[in-house]
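Line by line, the protein sequences are chains S and L. Its first residue numbered 28, the first sequence is counted upward by one per residue in this note's numbering. Its first residue numbered 133, the second sequence is counted upward by one per residue in this note's numbering. Built from N, CA and C at the ideal position, the CB exists for glycine as well. Scroll down for the structure; my scribbles are underneath it.
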Amino acid sequence: MDTISSLILIAIGAALINNFVLHYFVGICPFIGVSRRVDMAFGMGCAVTFVISIAALLSWTFTYFILQPGAPLTAWVWRLLQPDATGTVDLSILNYIVYIFVIASSVQLVEMYVRKFFPSLYKSFGVYLPLITTNCAILFACLEIMKHVSADGGAAAWGLHEAMALAFFGGVGFTLAIVIMAGIREELDHCDVPAPLRGAGITLVVAGILSLAFMGFTGVDRGLAEAIRRSPPAAGSPEPGASAPAKPAQRSRP
Amino acid sequence: MPSDGPTPLERFINGILPENPVYRQLLGMCPTLAVTNGMKPAMTMAAAVAFVLFCANIITSLIRGLLKPHLRILVFTLTIATFVTIADRFLAAYVYEMSKQLGPYVPLIIVNCVIICRCEVCASKQSVLTAGADAIGQSIGFALALASIATVREVLGSGTWFALPVLPAAWPDWVIMVLPPGAFITLGLLLGGANWIGQARARRAATG
């Protein structure tokens, strides 16, 4: 029960409260570039959700077994090489390089797989698949997972299921945001927007208002946590990245 | 090849206004929005991006003869990732508070489109000198863009500039400006302003 409730909280936190696009500003490029039509936006959202899940699976595995301080596999290899050495090996300096490598290669693999087995899907994704490599949302998910896996170990460390929940629902949140945005932009085509604001300008302003709306979800997780546990939550906010600069300290529950 | 390309000076000037990474090319939006709630984080971010962009451009330019077309994006990102790791460790060692505040946005420099775009468009085709000048120009342009957004957001949002109070104490802080929605709205309106100036200039050039 505890596991399930924490998963639900992570999911809601990633998809609604701390929406990747509207709260953390990651994945803005496709958010502005590919949000002209709803079907395209939905395709992009699905592609990102798919890749983000795979990248999260791989990056959790790499972080847990190899990269984090005192990781099992690294420790085993280290003992094999240096039988009488003491102390733990910390490979976390390689984190970023490994992540970007994992993301680039998983995008490549997904692209090859989809092209071979689902040609029609491949056609509809078109140019977006390779573009996903440079989508900040995916690296951001990997970094969040890294932060929670190697956070001084112990009970607070995330397991694979938690990492996957964050990544998948982060992708769902991205899809939600980009589809809403595309819907608004389709209507916007019929409006008389001042010439200098046309295109990116008005999109950003609309995104700001949308982000304001999503701020209404703040505190939902805490209320839910209390409802589930019926006890004062020890760590009531499973929202990742409480230290994110976008969120000033004075922000409190309404 | 460098003889028929633009000179280093042209590259340098191009980056500041005519090809400003944020306002003209709409690149690097993620850090632009995320770290501009104050001048200090914005300038730290601009410095980190400048360092990474400069080093990555130089390295890319040095190895441009060895690049294989289908692997070049991967090589660029790995080069950038190396320098971002250096920058990240440096920030964590010397300005720990700022590094904490910037959080995941320092590693996210790796996928900052500005740097990949510069490596692809300029550094992989030009000499080292041109690539370096281009990196410096683009960095200054990026820093100016960040500074403009951060100024608006910090002054209106907390009444300070570089943590120095500039508005009277009676100023009601527009808290929304330092929250995520303020970032989107500020950038949207500033972008509109930049376009408006550009269009007005083009019109004047056409008529006059």
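C-alpha gap between residue i and residue j, whole angstroms
i: S:THR30; j: S:HIS188; result: 9 Å
i: S:ILE130; j: L:ARG335; result: 45 Å
i: S:ILE236; j: L:PRO312; result: 10 Å
i: L:CYS187; j: S:PRO99; result: 35 Å
i: L:THR209; j: S:PHE77; result: 22 Å
i: L:LEU296; j: S:VAL48; result: 31 Å
i: S:ARG106; j: S:ALA112; result: 7 Å
i: S:VAL232; j: S:ALA222; result: 14 Å
i: S:PHE196; j: L:LYS232; result: 25 Å
i: S:ARG142; j: S:LEU148; result: 8 Å
i: S:SER133; j: L:ASP305; result: 45 Å
i: S:GLY186; j: S:VAL176; result: 7 Å
i: L:PHE222; j: L:ALA179; result: 12 Å
i: S:VAL206; j: S:MET71; result: 9 Å
i: S:THR245; j: S:LEU239; result: 11 Å
i: S:TRP103; j: S:LEU251; result: 42 Å
i: L:GLY289; j: L:ALA279; result: 15 Å
i: L:ALA301; j: S:LEU121; result: 47 Å
i: S:PHE145; j: S:SER86; result: 26 Å
i: L:GLY291; j: S:ASP219; result: 34 Å
i: S:HIS217; j: S:ALA194; result: 36 Å
i: S:THR101; j: S:VAL116; result: 7 Å
i: L:ALA337; j: S:LYS150; result: 44 Å
i: S:ARG249; j: S:ALA234; result: 25 Å
i: L:TRP328; j: S:LEU224; result: 8 Å
i: L:PHE294; j: S:PHE58; result: 31 Å
Reference residue i; option with closest CA among the options
i: L:GLY330; options: L:GLN270, L:TYR226, L:GLU151, L:PHE144; result: L:GLU151
i: L:THR214; options: S:ILE127, S:GLY97, S:LEU107, S:LEU94; result: S:ILE127
i: L:THR176; options: L:ALA332, L:PRO312, L:VAL227; result: L:VAL227
i: S:LEU118; options: S:MET173, S:HIS50, S:LEU215, S:PRO223; result: S:MET173
i: L:LEU194; options: L:CYS245, L:VAL243, L:LEU261, L:GLN233; result: L:LEU261
i: L:ILE248; options: L:LEU206, L:VAL284, L:LYS232, L:ALA225; result: L:LEU206
i: L:ASN244; options: S:PRO96, S:TYR123, S:ASN162, S:SER132; result: S:ASN162
i: L:LEU185; options: L:SER280, L:LEU223, L:GLN270; result: L:GLN270
i: L:PHE183; options: L:ILE268, L:GLY314, L:THR318; result: L:ILE268
i: L:PRO201; options: L:LEU141, L:ALA301, L:PRO173, L:LYS257; result: L:LYS257
i: L:PRO163; options: S:GLY60, S:VAL65, S:HIS50, S:PHE241; result: S:HIS50
i: S:VAL65; options: S:CYS218, S:GLU214, S:LEU136, S:ARG225; result: S:GLU214
i: S:GLN135; options: L:LEU203, L:LEU240, L:GLN157, L:LEU199; result: L:LEU203
i: L:LEU240; options: S:ILE165, S:PHE241, S:LEU108, S:LYS150; result: S:ILE165
i: L:ARG196; options: L:ALA263, L:GLN157, L:ARG156, L:GLU229; result: L:ALA263
i: S:PRO96; options: S:TYR140, S:CYS169, S:GLY114, S:ILE59; result: S:GLY114
Cβ pair residue i, residue j closer than 8 Å
i: L:MET171; j: L:ALA282; result: yes
i: L:ASN146; j: L:VAL310; result: no
i: S:PHE52; j: L:PRO236; result: no
i: S:SER62; j: S:ARG256; result: no
i: S:LEU43; j: S:GLY200; result: yes
i: S:ALA190; j: S:ALA68; result: no
i: S:ALA74; j: S:ILE159; result: yes
i: S:PHE89; j: S:VAL125; result: yes
i: L:ILE212; j: L:ILE190; result: no
i: S:ILE229; j: L:GLY320; result: yes
i: L:ALA219; j: L:VAL238; result: yes
i: S:ILE37; j: S:ALA192; result: yes
i: S:PRO46; j: S:ALA204; result: According to the sequence displayed, residue 46 of chain S carries Asn and not Pro. In this structure, S:ALA204 lies closer than 8 Å to S:ASN46 by Cβ.
i: S:TYR123; j: L:VAL216; result: yes
i: L:VAL154; j: L:ALA277; result: yes
i: L:ARG285; j: L:ALA326; result: no
i: S:ILE39; j: S:VAL247; result: yes
i: L:VAL287; j: L:LEU299; result: yes
i: S:GLY243; j: S:ILE79; result: no
i: L:LEU165; j: S:ILE55; result: yes
i: L:CYS251; j: L:THR192; result: yes
i: L:PRO173; j: L:LEU234; result: yes
i: L:PRO148; j: L:ILE317; result: First, the residue type needs correcting, since residue 148 of chain L is Ile and not Pro in the sequence shown. No, these two residues do not count as a Cβ contact at 8 Å.
Beta-carbon separation (whole angstroms), residue i vs residue j, contact threshold 8 Å
i: L:ARG143; j: L:ALA255; result: 10 Å between Cβ atoms; not a contact.
i: L:PHE274; j: L:VAL253; result: About 15 Å; that fails the 8 Å criterion.
i: L:LEU323; j: S:ALA227; result: 6 Å
Residue i: CB within 7 Å of a non-hydrogen atom of the ligand SAM
i: L:ALA338; result: This structure does not include the ligand SAM; it has no bound ligands of any sort.
CB contact below 8 Å: residue i versus chain C
i: S:CYS56; result: You won't find chain C in this structure, because its protein chains are S and L.
Practice task
Entirely within the region 192-280 of chain L and at least 4 residues each: give me those alpha helix (DSSP H) ranges in chain order.
Solution key: Fully enclosed alpha helix (DSSP H) runs of 4 or longer: 204-226, 228-234, 245-250.
Problem - Segments assigned beta strand (DSSP E), at least 3 residues, entirely inside the region 168-194 of chain L - result: Considered as a whole, the region 168-194 of chain L harbours no complete run of any beta strand (DSSP E) with no fewer than 3 residues.
Exercise for the section: Run through the region 33-92 of chain S for me and flag every whole alpha helix (DSSP H) of 4 or more residues, listed as ranges in chain order. Expected result: Within the region 33-92 of chain S, the complete alpha helix (DSSP H) runs of at least 4 residues are 55-60, 65-89.
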